[in-house]
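Protein chains: 2
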Amino acid sequence: MSTVIAVETSDVRFPTSRQLDGSDAMNPDPDYSAAYLRVVTDSGDGLEGHGFVFTIGRGNDVATAAITALTPYLLGRNAEGLLADMGATYRELINDSQLRWLGPEKGIMHMAIGAVINALWDLKAKRAGQPLWQLLAQMTPEELVDLVDFRYISDALSPDEALRILRDAVPGRAERTSTLLAEGYPAYTTTPGWLGYSDKKLTRLAREAVADGFKQIKLKVGGNLENDVRRLRAARTAVGPNIGIAVDANQRWGVAEAIEWMAHLAPFNIAWIEEPTSPDDILGHAAIARGVAPIPVATGEHVQNRVMFKQMLQADALQVLQIDAARVAGVNENVAILLLAAKFGVRVCPHAGGVGLCEAVQHLSMFDFVAVSGQKDDRMIEFVDHLHEHFVTPIHVHDGCYWPPLAPGGGSEMLPGVIETFGFPHGPVWSGHVAAEAVCA
Amino acid sequence: MSTVIAVETSDVRFPTSRQLDGSDAMNPDPDYSAAYLRVVTDSGDGLEGHGFVFTIGRGNDVATAAITALTPYLLGRNAEGLLADMGATYRELINDSQLRWLGPEKGIMHMAIGAVINALWDLKAKRAGQPLWQLLAQMTPEELVDLVDFRYISDALSPDEALRILRDAVPGRAERTSTLLAEGYPAYTTTPGWLGYSDKKLTRLAREAVADGFKQIKLKVGGNLENDVRRLRAARTAVGPNIGIAVDANQRWGVAEAIEWMAHLAPFNIAWIEEPTSPDDILGHAAIARGVAPIPVATGEHVQNRVMFKQMLQADALQVLQIDAARVAGVNENVAILLLAAKFGVRVCPHAGGVGLCEAVQHLSMFDFVAVSGQKDDRMIEFVDHLHEHFVTPIHVHDGCYWPPLAPGGGSEMLPGVIETFGFPHGPVWSGHVAAEAVCA
């Protein structure tokens, strides 16, 4: 038996804005950041749980404060008790009646709960000696259903329906695990498409993406229509007719504007339009989906919880569902969202990039393939080649695929020294003692 | 010309849980709290802007940190510049690209923006020597429309439609101002209905409410059906057949459960069912509204922004729209929501209670009556008789009405000494040096 003896929170920021990595129509100068959490026990095995909220700079201190506000739920608690019933642990956190007022189940406090839950899953997987995707994929359908809070989604997905989906997938688990290990999981890349890049850089990176085996790239749009058309033409010329090109407006438009703008981009054979408008606008997304058909609408990186995803599915507001490892309340809520997507037969193509999002979300897609939807060939995980060097178990992406992580844990642990170097505002990168270029390859 | 020279933030908490004031099915033991903000300039006139985020205890420190994260938008800025174009000031805050990631436009960071915006409106009204409702009601339709961000609502309300609504109301402004000053604005009371109160206390308070001139009371429900039926019977017996009784489930139910539960309460002639389920569930509210008709559905105190209200109206998900002064991004976003409600012809009955919510929200309803909807006799503002004694300009509620505040400002300024006494965790109420009973009447 072991006790949680320390919960360390850190404000870690990478000065990505200095090179316009990650620039888009709504986020011109992000500094990719993590409100980071380390859970330490007295077990003596040296294993820790790590998790984070991903932000893009300012406000990362507030997210860190939100995680700190949750530490009474961890400190002094029996670790085995917390980890043995992750459904109960998750429900305890989302149902704190006072903290709930700050959402409920949305925004900073909800993301902080996600960081805590993910850190506990990381610890649980390390203790099991398994990568998180495999740990989840070996749980029984009953154990998986118990992870979910059905209160606000049972009108769309009952516990019995969830059980049926999971039980139907049990016989194929072993075979799909072998397939996953042999084939990898498809990826697409956003690396060429940031709005701050020149056409020349875009063209070069798009060609490299094809050479690297990616079947789809993504371009940021929504800043200026003329530029978008020119950039799309350059990208299509670079990749040829058989590579998918998705576009991402990062919430730039209203409903009518989205439909009109997309009419101008449609000739370039668009794989999907991502975040055309506010992530809160379910009915707006549904109207846009009707207006831009047959181009699929994709969203999710800012969709706050399972209740919103439920309605997006009920309203046929999205055709590509983009889970994010660090937006909702962690693994538990993402299991609910994967089950909803399976129920509605909608494909899941996770949002990633940022800091550690690729490392974390791959586990969810691989679990989904093995134990929920059973699908992967119509899906792909976003890949952006930034900041992986800071993680203990960085992703392996090659030949256009994510290759299944085999190391124990959930993937979110940063290397020793990263927190010190990039800690805000006193780490050397921010206090001016080390040039960012020296540490950001 | 003056400059913002100080922005003071405070974590203020009232130990209301010790008496079960404010208890309901989801919030058994709230400590009503304010993440409080004071904006000080060097104008020499002694006028300050005050605003707050209302919370119910834990996490108030995180809300305070969120306000603190916004102080760079105020400190050192020209005050006249900030106040002269409140539309631009509001848009500057909600469009900070890095902070926006933390919502967008929801949760703690959004509420913190609301506190800042409301503090600036408080200062602007004090400088004008007018109560906020009057300041707003004397602005031109063009000035009012410029306060609104239409990006995500223009599919339901265009700037031209908003202008038309406001222009139609101009001719009647003077007459309605006189009517308001002569008649007051209708109130209803939740004081009898907290879940933690005994039937005896409920009956006594319900009778007192009627004697005090209220035409409607509200009871918390959703904890236990048998208890709800018994308490409703007691309340109906106490108030007689001609007083409205609304019920409030505080998000306790799923869709099917809400409809079923309400079938048992319907015989008591229910004025509205409030917050039957998650405030995020637009389609769920619409289904419940169809299922419990003709009982109206009310919601809003947790509805995060204008985009969600827009859809609630588009989907006919609510028949009573409950704005809250401190949930959305302040006066500006509430002007947008009032215009949406007017466009859809839905009545607005604000949420209040808590700490300072009554003091703040009355200005919005009175402005709405004078300059937007022109209606008040089908509407009422919630009244709870808690904690008003801590404010410089407490509400005047008697004869079942709110009486228009005449003092300059927006109502949210606390009395000197309150922050010190109730400051968390070092104020004497929390550090144990003063018994709460000695300071909470």
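First to last, the sequence lines map onto chains X and B. The numbering of the first sequence is our numbering, which starts it at 1428 and goes up by one. The numbering of the second sequence is our numbering, which starts it at 1428 and goes up by one. All residues carry an ideal CB built from backbone N, CA and C; glycine is no exception. Keep in mind the model is a prediction, meaning the values are calculated, not measured.
Interface flag for X:Pro-1455 against chain B is set, since a Cβ pair is found closer than 7 Å. Collapsing the DSSP output to three states places B:Phe-1794 in a helix.
Apart from sequence neighbours up to five positions away, the residues of its chain that approach B:Pro-1723 with a beta-carbon distance below 6 Å are Trp-1699, Gln-1746 and Val-1747, ordered along the chain.
Every beta strand (DSSP E) of 3 residues or more that sits fully in the segment 1454 to 1540 of chain X is shown, in chain order, as 1460 to 1468 and 1475 to 1482. When secondary structure is reduced to three states using DSSP, B:Trp-1699 falls in the strand class. Secondary structure note for B:Val-1758: its alpha helix (DSSP H) is the uninterrupted segment 1757 to 1771.
In terms of Cα proximity to B:Ala-1511, the closest of B:Tyr-1459, B:Val-1467, B:Asp-1573 and B:Pro-1832 is B:Asp-1573. Between the alpha carbons of B:Gly-1611 and X:Gln-1525 lies a gap of roughly 34 Å. Of the candidates X:Arg-1733, X:Ile-1697, X:Asp-1707 and X:Met-1739, X:Ile-1697 places its Cα closest to the Cα of X:Pro-1721. Under the three-state reduction of DSSP output, B:Glu-1809 falls in the strand class. Leaving aside the five residues that flank X:Gly-1649 on each side, the residues in its chain whose CB is nearer than 6 Å to its CB run, in chain order, Ala-1452, Ala-1676 and Arg-1679. DSSP places B:Pro-1619 in the uninterrupted beta strand (DSSP E) bounded by 1612 to 1620. For X:Gln-1446, the nearest beta carbon of chain B is not closer than 7 Å to its own beta carbon. Check the Cα spacing between B:Leu-1584 and each of B:Ala-1768, B:Phe-1796 and B:Arg-1774: the tightest is with B:Ala-1768. Burial state of X:Pro-1668 is exposed, judged by a 10 Å Cβ sphere holding fewer than 16 other Cβ atoms. With respect to the 7 Å criterion, B:Met-1841 and B:His-1817 are classified as neighbours on the basis of their beta carbons. Proximity to B:Ala-1609 across B:Glu-1809, B:His-1853, B:Pro-1852 and B:Met-1793 peaks at B:Met-1793, based on C-alpha coordinates. The shortest CA-to-CA distance from B:Ala-1690 to any of B:Ser-1605, B:Leu-1652 and B:Thr-1516 is the one to B:Leu-1652. Separation of the CB atoms of B:Lys-1642 and B:Gly-1620 is rounded to 15 Å, and the pair is thereby denied contact status at 8 Å. Bounds of any alpha helix (DSSP H) do not take in X:Asp-1675; it lies within the beta strand (DSSP E) bounded by 1671 to 1675. Residue range 1643 to 1647 is occupied by the beta strand (DSSP E) that includes B:Lys-1645. B:Val-1666 is the residue among B:Val-1666, B:Ile-1540, B:Leu-1622 and B:Thr-1430 whose C-alpha sits nearest the C-alpha of B:Glu-1635. In the three-state DSSP reduction, B:Asp-1576 falls in the coil class, being neither helix nor strand.
For the pair X:Thr-1436 and X:Thr-1516, the CB atoms are not nearer than the 7 Å cut-off. A distance of 7 Å or more separates the beta carbons of X:Ala-1506 and X:Val-1575. Using a Cβ-Cβ cut-off of 7 Å, B:Ile-1494 does not count as an interface residue toward chain X, since no Cβ of chain X sits closer than that to its own. For the C-beta of B:Lys-1533, the chain X residues within less than 9 Å are, from N- to C-terminus, Gly-1530, Lys-1533, Gly-1534, Asp-1707 and Gln-1731. Chain-order list of chain B residues neighbouring X:Leu-1520: empty, with the shortest C-beta distance near 12 Å, by a criterion of under 7 Å.
Under DSSP, the beta-bridge partners assigned to B:Tyr-1829 are B:Tyr-1612 and B:Val-1824. Residues of the segment 1464 to 1496 of chain B that bring their beta carbon within less than 7 Å of a beta carbon in chain X comprise Thr-1482, Ile-1483, Gly-1484, Arg-1485, Gly-1486, Asp-1488, Val-1489, Ala-1490, Ala-1492, Ala-1493 and Ala-1496, in sequence order. For B:Ala-1742, there is no enclosing beta strand (DSSP E), as DSSP marks it with neither H nor E. X:Thr-1436 sits in a strand when the DSSP states are folded into three classes. When secondary structure is reduced to three states using DSSP, B:Pro-1852 falls in the coil class, being assigned neither helix nor strand. For B:Met-1739, no Cβ of chain X is located within less than 7 Å of the residue's own Cβ. Here DSSP, grouped into helix, strand and coil, assigns B:Val-1788 to helix. When DSSP reads this structure, X:Ala-1725 sits in a beta bridge with X:Glu-1701 and X:Val-1747.
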